[in-house]
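>
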Amino acid sequence: MDTQKDVQPPKQQPMIYICGECHTENEIKSRDPIRCRECGYKIMYKKRTKRLESQRSDREATGTDL
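Per the working numbering, residue -15 is the first one in the sequence shown, and the count goes up by one each step.
(1) Which class does K30 belong to by DSSP, given the choice of helix, strand or coil?
(2) May I have the straight-line CA-CA distance separating E5 from K(-5), to the nearest angstrom?
(3) Sorted by chain position, which residues of the same chain lie with C-beta nearer than 6 Å to K31's C-beta, five sequence neighbours on each side aside?
(4) Nearest-angstrom Cα distance between T33 and I18?
(5) Rounded to whole angstroms, what's the CA-CA distance from C20 to M28? Just pull it up for me.
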């Protein structure tokens, strides 16, 4: 049984990075160069996702640690 053909790869959605120099948000896809579109600075910081923040608050509410 070949299920590889039926499985569609997830669409690449851009990640949001914050420039280390001018602090603007940049959407960068997997094959895009890591560079700020406003100032050209190469040091970028990945913005935290909503999923991590919600898991963190859930853990704090229940008092459990992973």
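Note that the Cβ used here is the ideal one computed from N, Cα and C, for glycine as well.
On the basis of the coordinates in this document:
(1) On the sequence shown, position 46 is the one that residue 30 refers to. It is a strand residue.
(2) Locating residue 5 in the sequence shown gives position 21, counting from the first residue. Locating residue -5 in the sequence shown gives position 11, counting from the first residue. Spanning the two alpha carbons is a distance of roughly 30 Å.
(3) Mapped onto the sequence shown, residue 31 falls at position 47. Excluding sequence neighbours, K31 sits near I0 and I2.
(4) Here residue 33 corresponds to residue number 49 of the sequence shown, with the count starting at 1. Here residue 18 corresponds to residue number 34 of the sequence shown, with the count starting at 1. The alpha-carbon separation between T33 and I18 amounts to approximately 19 Å.
(5) Counted from its first residue, the sequence shown places residue 20 at position 36. Counted from its first residue, the sequence shown places residue 28 at position 44. CA-to-CA, the gap between C20 and M28 works out to about 7 Å.
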